[in-house]
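Only one structure is covered here, and it is reproduced in the block below.
Numbering (my numbering), first residue to last: 429 to 1174.
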């Protein structure tokens, strides 16, 4: 029926009903979030088919859309699932998650969206749409309390400053919750808590019938209880007196991860600021021009427990900073006849930096860990050794300009439509890296070392000892440590190792290699085109089917390998653009049958990836690399039934078979493993959710709502290697399938 009410979304940069958008778009409305008491995005993700979010830590989320995980936090890595705020990019992991507060809706556009959303949307886009100021005067206040001392206070006020012209909207929320994971190292300091303050201010000026200006701003600060880290190395778990690791040879159930026992000194503090200006003006009844300007800044200071035990073996600290400036000019022409189009240009400038420190406690490594790992002890004492500090400072600057055009023609009036889109982008990138040498007075550090060679070295094999030294990234014997590298002093004399047995290419930094304090830099320009073609068929009112073909491009990147030398030709790394070719067919429908209103949609898709980018560990350093080819085949669907009398039923389901087709991943110890045929990480083969809600008006002023919701996700792997349980580590790197349930009454 023509009067059926359908949701209005802005995925295609203009207001349209979902029946007019030939894309697979998952939507969660702000009203639904408020009614169900969902304040975190990972909870909202349960109700969007094909979308998952692992929110282990607020500054390092893992967004997953149709099998592709965007978890890169390094400054040089491009996201492949982008996060937007009112259509404006804000994808850096440290600033991409905000409190679900005073939102119109959250839209998740699945598949390549580069032509619509530009940067980093090669596999999809998550778009937060804030509620805008209104010509109305009201205030809202909410106070909640729950277990784990969960406390949340929310205040919203809206008022016209000048009637029918200027409106102001203010909001604030404070949400604090104790950690829900016990910390055996500090019983009074539980892990995985929350402490968030979010402030928001917006104003809208309706200067005339043809000109509207909206200003949006927000500030969020987070200082939660630390995130839990757990070791999966049995020897470390057994060495920690505070963990309850079960002996895998015993008859009791195996708890390979042990209990959580982390350093109480760990902490996290994050600050995110966003400023946005939206300007829309109409030149005629058919033409609208708009401009968007955005500035965003994030700061994150994270001190974390790296070894996953209460022992002071390895600790880390990361100081992340980022600034972004985005400007877009866009025009739209829609005569509501046979032709419509929109296009424009955008400019993007971003600087992202990370200052990372790792600290090794050598006394603990030698006195405790070495005997456990090798079954041997050194024939001499190495107590009183200093801690080893490893530091690396990276910074990436991107200047990007792009132009885009979208045009739709009606081949058959109101029935058959063809849309063509394209965006051309030019990215200019510069990457800088600096790492001072580690303390030249330090002794051996076992990080990522070849422990088999160490065992042979303890039997007196000097060649094996030399190989063991060569496998240690943090090393006092390199050219950067002149007092030791000549074999005339320090531990070399202590071990009695001849000078010619020591390899010449030893390095002093476990992350990427020392530059001796020198800043190395390299730059590159990447140019790429992202096209899309969509054919729509609307055979009857209330039904739309579509077929689309598109490319998505994840921009290339740069890296630096100081171990290879200090000239640019030696240390320069270039990561090629990742390209995904997407094929998708789908349908959408909405009907009003009188007593019930029906809406639904379904899609089947296939993705083919070339130069697939992924994060791997190479020589002890996390790097973004091109890992070969991959593919994904999937299907998803959703429905809703809204009955007279306030009863609503809804459900959705998703199936995906995503895997690497060709290529390998490098594990922590540098071993390359074939990942062809392995499932994408954090991707369930099956997932779904649904619910039933009943709302009734009890009087003119009072209504009541009761809801029961549920979701299910099948087994997922945490890494690309799809590691199953072994005799050494009797726990798969996986999470078995599980259901979740929500019950709400209000």
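Yeah, the Cβ is synthetic: ideal placement off N, Cα and C, and Gly gets one too.
Hey, quick one: how far does the alpha helix (DSSP H) through residue i stretch, first residue to last?
| i | result |
| --- | --- |
| residue 472 | 469-472 |
| residue 996 | 996-999 |
Using C-beta distances below 7 angstroms, list every residue in its chain close to residue i, excluding the 5 sequence neighbours before and after it, in chain order.
| i | result |
| --- | --- |
| residue 852 | 830, 831 and 957 |
Can you grab the Cα-Cα spacing for the pair residue i / residue j, in whole Å?
| i | j | result |
| --- | --- | --- |
| residue 729 | residue 568 | 34 angstroms |
| residue 835 | residue 1005 | 26 angstroms |
| residue 1038 | residue 492 | 19 angstroms |
| residue 711 | residue 1085 | 48 angstroms |
| residue 1143 | residue 1166 | 8 angstroms |
| residue 715 | residue 766 | 15 angstroms |
| residue 982 | residue 632 | 35 angstroms |
| residue 848 | residue 961 | 5 angstroms |
| residue 745 | residue 1002 | 27 angstroms |
| residue 651 | residue 731 | 12 angstroms |
| residue 713 | residue 638 | 10 angstroms |
| residue 821 | residue 1063 | 43 angstroms |
| residue 787 | residue 819 | 9 angstroms |
| residue 782 | residue 749 | 7 angstroms |
| residue 1104 | residue 1034 | 17 angstroms |
| residue 996 | residue 948 | 8 angstroms |
| residue 723 | residue 1137 | 38 angstroms |
| residue 1025 | residue 1073 | 12 angstroms |
Which residues in the same chain as residue i place their Cβ atom closer than 6 angstroms to its Cβ, once the five residues preceding and following it in sequence are excluded?
| i | result |
| --- | --- |
| residue 1076 | 1070 and 1121 |
| residue 1000 | 950 |
| residue 523 | 700 and 726 |
| residue 825 | 779 and 858 |
| residue 1179 | In this structure the chain extends from 429 to 1174, so residue 1179 is not present and cannot be described. |
| residue 606 | 576, 577, 618 and 621 |
Pop quiz: residue i and residue j are said to be a contact at Cβ under 8 angstroms. What is the actual Cβ separation, rounded to whole angstroms?
| i | j | result |
| --- | --- | --- |
| residue 1052 | residue 987 | 7 angstroms |
| residue 643 | residue 705 | 5 angstroms |
| residue 1027 | residue 1014 | Contact flag wrong, Cβ pair sits at about 14 angstroms. |
| residue 496 | residue 509 | 7 angstroms |
| residue 864 | residue 984 | 29 angstroms between Cβ atoms; not a contact. |
| residue 623 | residue 588 | Going by Cβ atoms, the distance from residue 623 to residue 588 rounds to 35 angstroms, so no, they are not a contact pair. |
Under a three-way DSSP split, which group does residue i fall into?
| i | result |
| --- | --- |
| residue 444 | strand |
| residue 460 | helix |
| residue 1085 | strand |
| residue 741 | coil |
| residue 792 | helix |
| residue 1062 | strand |
| residue 635 | coil |
| residue 990 | helix |
| residue 772 | strand |
| residue 607 | coil |
| residue 664 | helix |
| residue 1196 | Here the chain covers residues 429 to 1174 and nothing more, so residue 1196 does not appear. |
| residue 574 | strand |
| residue 465 | coil |
| residue 629 | strand |
| residue 1146 | coil |
| residue 454 | strand |
| residue 1014 | strand |
| residue 736 | coil |
| residue 523 | helix |
Which residue comes first and which comes last in the beta strand (DSSP E) that contains residue i?
| i | result |
| --- | --- |
| residue 545 | Residue 545 -> not in any beta strand (DSSP E); alpha helix (DSSP H) instead, spanning 542-545. |
| residue 1121 | 1114-1125 |
| residue 579 | 578-590 |
| residue 1128 | Looking at the DSSP string, residue 1128 is not in any beta strand (DSSP E), and its letter there is neither H nor E. |
| residue 504 | Careful: residue 504 lies outside any beta strand (DSSP E) and carries neither H nor E. |
| residue 1021 | Premise fails: residue 1021 is in no beta strand (DSSP E) and is neither H nor E. |
| residue 701 | 695-710 |
| residue 552 | 552-558 |
| residue 836 | 816-840 |
| residue 980 | 971-982 |
| residue 962 | 947-965 |
| residue 486 | Unbroken run through residue 486: none, as it is neither H nor E. |
| residue 1040 | Premise fails: residue 1040 is in no beta strand (DSSP E) and is neither H nor E. |
| residue 511 | 510-513 |
| residue 714 | Counting along the chain, residue 714 falls outside any beta strand (DSSP E), and DSSP gives it neither H nor E. |
| residue 858 | 844-862 |
| residue 535 | 531-538 |
Got a sec? Which residues, its chain only, sit under 8 angstroms from residue i by beta carbon, not counting five neighbours each side?
| i | result |
| --- | --- |
| residue 556 | 511, 512, 513, 514, 526, 531 and 534 |
| residue 1164 | 1143 |
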